[in-house]
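Just below is one structure, and these are the notes that go with it.
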């Protein structure tokens, strides 16, 4: 994965919103002076084409094909030390592949529910790919939902990534 993240610990100023359409959803990013402070999926896609930005274009290219497109972003450091450890592992799950909550938990000597909580509180969905972590039986939850439209979006993101990864072989 070709992503470079610089972590910022201090920010202040006005917020700006950036919109990245993908599939039938939209990734909404909030920035303060170019530092991303929040990134979450929204349904349905509002097609905010008039509100797109250079950052949104860069993120969209990366989401569509991370093997060919570099992404360099600044993210605001937040979350617990444990959550940050989980998020670092999420960044290493290859595009088109998944890892179970229990396998990730075993890797860091933790429990699957704690991993699920760290995924649920990930403020950078889309950039830090929490959707690539699945339950042993089924897809698992997404964006705080155990069923419903966000879980369906998770399925669509995983299917999209799998198809794109297979077509690149």
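In this note's numbering, the protein residues as written are 8 to 176.
By construction, the Cβ of each residue, glycine as well, lies at the ideal position given by its N, Cα and C atoms.
One or two residues paired with residue i in a DSSP bridge
i	result
residue 35	26 and 47
residue 69	BP columns for residue 69 are empty, so no partner.
residue 10	78
residue 42	39 and 81
residue 152	149
Spatial neighbours of residue i in its chain, beta-carbon cut-off 8 Å, leaving aside the 5 residues before and after
i	result
residue 20	39 and 40
residue 70	27, 29, 34 and 133
residue 165	105, 138, 139, 141 and 146
Own chain partners of residue i with C-beta closer than 7 Å, once the 5 adjacent residues on each side are dropped
i	result
residue 108	119, 122, 123, 140, 142 and 147
residue 14	82 and 84
residue 175	74
Range of the contiguous beta strand (DSSP E) that encloses residue i
i	result
residue 80	78-83
Where the alpha helix (DSSP H) containing residue i begins and where it ends
i	result
residue 96	88-97
residue 115	108-115
residue 146	Careful: residue 146 lies outside any alpha helix (DSSP H) and carries neither H nor E.
residue 130	No alpha helix (DSSP H) contains residue 130, which DSSP labels as neither H nor E.
Collapsed DSSP secondary structure at residue i in the structure displayed
i	result
residue 15	strand
residue 173	helix
residue 105	coil
residue 158	helix
Residues near residue i by beta carbon distance below 6 Å, same chain, minus five either side
i	result
residue 8	Annotation note: pLDDT 49 at residue 8 (below 50); position unreliable, no value reported.
residue 127	151
residue 125	90 and 93
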